[in-house]
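Visitor: As given, the protein sequences belong to chains Y and E, one line each in that order.
Quick note on numbering: the first sequence equals residues 1 to 112 in our numbering.
Quick note on numbering: the second sequence equals residues 1001 to 1112 in our numbering.
The C-beta atom is built at its ideal place from N, Cα and C for all residues, glycine as well.
What follows is a structure written as structure tokens; I'll ask about it next.
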Amino acid sequence: DGGITQSPKYLFRKEGQNVTLSCEQNLNHDAMYWYRQDPGQGLRLIYYSQIVNDFQKGDIAEGYSVSREKKESFPLTVTSAQKNPTAFYLCASQGTTNEKLFFGSGTQLSVL
Amino acid sequence: GESVGLHLPTLSVQEGDNSIINCAYSNSASDYFIWYKQESGKGPQFIIDIRSNMDKRQGQRVTVLLNKTVKHLSLQIAATQPGDSAVYFCAETLYNFNKFYFGSGTKLNVKP
């Protein structure tokens, strides 16, 4: 979707397991974001990164971790500390501040 | 267009009619607003945006109206089509601020 690829589309996590969601963009955007979407609720910000090797916690960062080693990639790890991980996860990128976000197609994470 | 927990507000319209979807935003200092369309199981798609120095902006079949006095945003869709059926939500942000705040959305159901 718009140059942002998220994988996998569906992911299942066993109790105590860490899982990593992939997000890759070829839009040459500096800023990247991870959001969590629960049914009937607005998107909530997990982490964001404005530049390579730098990232900041969003509103619900507990139980998640990220890295930004390359401009194109911003993977999200859902750790075993996240007790309610079932949700639809969306990655987004932004070319410059004050511009619109471009979203990927999302990853649905469920707990086995 | 506000959240009512797990159940999104739903707007049902007949194909060919005009649709109006509303959003009450939270921060009077917000100066950039976006409307997104999200189909089931997919990532949000950008529809139209508006900055606070405008009160109306038109796109192809869509118009966004901004009323800063009452913190209200609306999306008008002309000649609604079955392909317009989706969840629509608004986003707001402040100039030079990295966080967007998202409404929970309104489900648009277009009857053929």
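(1) Nearest by alpha-carbon distance to TYR33 (chain Y): which of E:PHE1100, E:GLN1060, E:LEU1108 and E:SER1026 is it?
(2) Do you know whose CA, among Y:THR79, Y:LYS100 and Y:LYS57, lies nearest VAL19 (chain Y)'s CA?
(3) Within the 8 Å Cβ cut-off, does LYS1042 (chain E) reach chain Y?
(4) State the start and end residues of the unbroken beta strand (DSSP E) segment that holds ILE1050 (chain E).
(5) Taking buried to mean at least 16 other C-beta atoms within 10 Å of its own C-beta, is LYS57 (chain Y) buried or exposed?
(6) Expressed to the nearest angstrom, what Euclidean distance is found between the alpha-carbon atoms of ASP1031 (chain E) and LYS100 (chain Y)?
(7) Is the beta carbon of LYS1111 (chain E) within less than 7 Å of some heavy atom of the ligand SAM?
(8) Applying the 10 Å Cβ sphere with the 16-neighbour rule, what's the burial state of GLN25 (chain Y)?
(9) Report yes if the CB atom of ILE1077 (chain E) is closer than 8 Å to the CB atom of LEU1066 (chain E), and no otherwise.
(10) Can you name the start and end residues of the beta strand (DSSP E) that GLN6 (chain Y) belongs to?
(11) On the criterion of 16 or more Cβ atoms from any shown chain inside 10 Å, does GLU1039 (chain E) qualify as buried, or is it exposed?
(12) What do you reckon, are the CB atoms on LYS1107 (chain E) and THR1010 (chain E) nearer than 8 Å?
(13) Go through its chain and collect everything with a Cβ distance to TYR1055 (chain E)'s Cβ below 6 Å, but skip five positions before and after it.
(14) Could you tell me the distance, in whole angstroms, from the CA atom of THR1080 (chain E) to the CA atom of LEU1008 (chain E)?
(15) Tell me whether ASP170 (chain Y) sits in a helix, a strand or coil according to DSSP, three-state version.
(16) Buried or exposed for TYR1095 (chain E), going by 16 or more other Cβ atoms inside 10 Å?
(17) Would you list the one or two residues that DSSP bridges to HIS29 (chain Y)?
(18) Pull up the distance between the alpha-carbon of SER1090 (chain E) and that of GLY40 (chain Y), whole angstroms please.
(19) Which same chain residues end up closer than 6 Å to GLN108 (chain Y) when comparing Cβ atoms and leaving out the 5 residues on each side of it in sequence?
(20) For a contact meaning CB atoms closer than 7 Å, what does ASN1022 (chain E) contact in chain A?
(21) From the beta carbon of PHE1033 (chain E), is the nearest beta carbon of chain Y less than 8 Å away?
(22) Assuming GLY104 (chain Y) contacts GLN82 (chain Y) under a Cβ cut-off of 8 Å, what Cβ separation, rounded to an integer in Å, is found between them?
Guide: Here's the rundown:
(1) Translated into positions along the first sequence, residue 33 (chain Y) becomes position 33. The option with the nearest alpha carbon to TYR33 (chain Y) is E:PHE1100.
(2) On the first sequence, position 19 is the one that residue 19 (chain Y) refers to. Ranking Y:THR79, Y:LYS100 and Y:LYS57 by Cα distance to VAL19 (chain Y) puts Y:THR79 first.
(3) Looking up residue 1042 (chain E) in the second sequence gives position 42. For LYS1042 (chain E), the answer is yes, since a Cβ of chain Y falls inside 8 Å of its Cβ.
(4) Numbered from 1 along the second sequence, position 50 holds the residue referred to as residue 1050 (chain E). Residues 1045-1051.
(5) One-based indexing of the first sequence puts residue 57 (chain Y) at position 57. So LYS57 (chain Y) counts as exposed.
(6) Against the second sequence, residue 1031 (chain E) aligns to sequence position 31. Against the first sequence, residue 100 (chain Y) aligns to sequence position 100. Going from the Cα of ASP1031 (chain E) to the Cα of LYS100 (chain Y) covers about 13 Å.
(7) In the structure shown, the ligand SAM is absent, as is every other ligand, since no ligand is present at all.
(8) Residue numbering aside, residue 25 (chain Y) sits at position 25 when the first sequence is read from its first letter. Flag for GLN25 (chain Y) reads buried.
(9) Taking the first residue of the second sequence as position 1, residue 1077 (chain E) is located at position 77. Taking the first residue of the second sequence as position 1, residue 1066 (chain E) is located at position 66. For ILE1077 (chain E) and LEU1066 (chain E), no; Cβs fall outside 8 Å.
(10) To locate residue 6 (chain Y), count along the first sequence from 1; it is residue 6. Counting along the chain, the beta strand (DSSP E) containing GLN6 (chain Y) begins and ends at 4-7.
(11) Sequence index remark: in the second sequence, residue 1039 (chain E) carries index 39 (1-based). Exposed, since its Cβ has fewer than 16 Cβ neighbours within 10 Å.
(12) Here residue 1107 (chain E) is taken as the residue at index 107 of the second sequence, counted from 1. Here residue 1010 (chain E) is taken as the residue at index 10 of the second sequence, counted from 1. Going by C-beta atoms, LYS1107 (chain E) is nearer than 8 Å to THR1010 (chain E).
(13) As a first step, residue 1055 (chain E) must be located in the second sequence, where it is residue number 55. The sequence as given places Asp at residue 1055 (chain E); Tyr does not occur at that position. So the qualifying residues of the chain are LEU1066.
(14) On the second sequence, residue 1080 (chain E) is found 80 positions in, with the first residue counted as 1. On the second sequence, residue 1008 (chain E) is found 8 positions in, with the first residue counted as 1. In a straight line, the C-alpha of THR1080 (chain E) is about 20 Å away from that of LEU1008 (chain E).
(15) Lying before the first or after the last residue shown, residue 170 (chain Y) is absent from chain Y, which here runs from 1 to 112.
(16) For this step, residue 1095 (chain E) is matched to residue 95 along the second sequence. Exposed, since its Cβ has fewer than 16 Cβ neighbours within 10 Å.
(17) Start at 1 with the first residue of the first sequence, and residue 29 (chain Y) comes out as number 29. DSSP, once it has assigned bridges, lists no residue as partnering HIS29 (chain Y).
(18) If you number the second sequence from 1, residue 1090 (chain E) lands on position 90. If you number the first sequence from 1, residue 40 (chain Y) lands on position 40. This sequence places Cys at residue 1090 (chain E); Ser is not what is there. About 14 Å.
(19) The sequence position of residue 108 (chain Y) within the first sequence is 108, counting from 1. Cβ within range, chain order: TYR10 and PHE88.
(20) Within the model displayed, chain A is absent; protein chains Y and E are what it includes.
(21) Counting from one through the second sequence, the residue named residue 1033 (chain E) turns up at place 33. Chain Y, which has no Cβ nearer than 8 Å to the Cβ of PHE1033 (chain E), makes this no.
(22) Taking the first sequence and counting its residues from 1, one reaches residue 104 (chain Y) at position 104. Taking the first sequence and counting its residues from 1, one reaches residue 82 (chain Y) at position 82. GLY104 (chain Y) to GLN82 (chain Y), Cβ: 20 Å. No contact.
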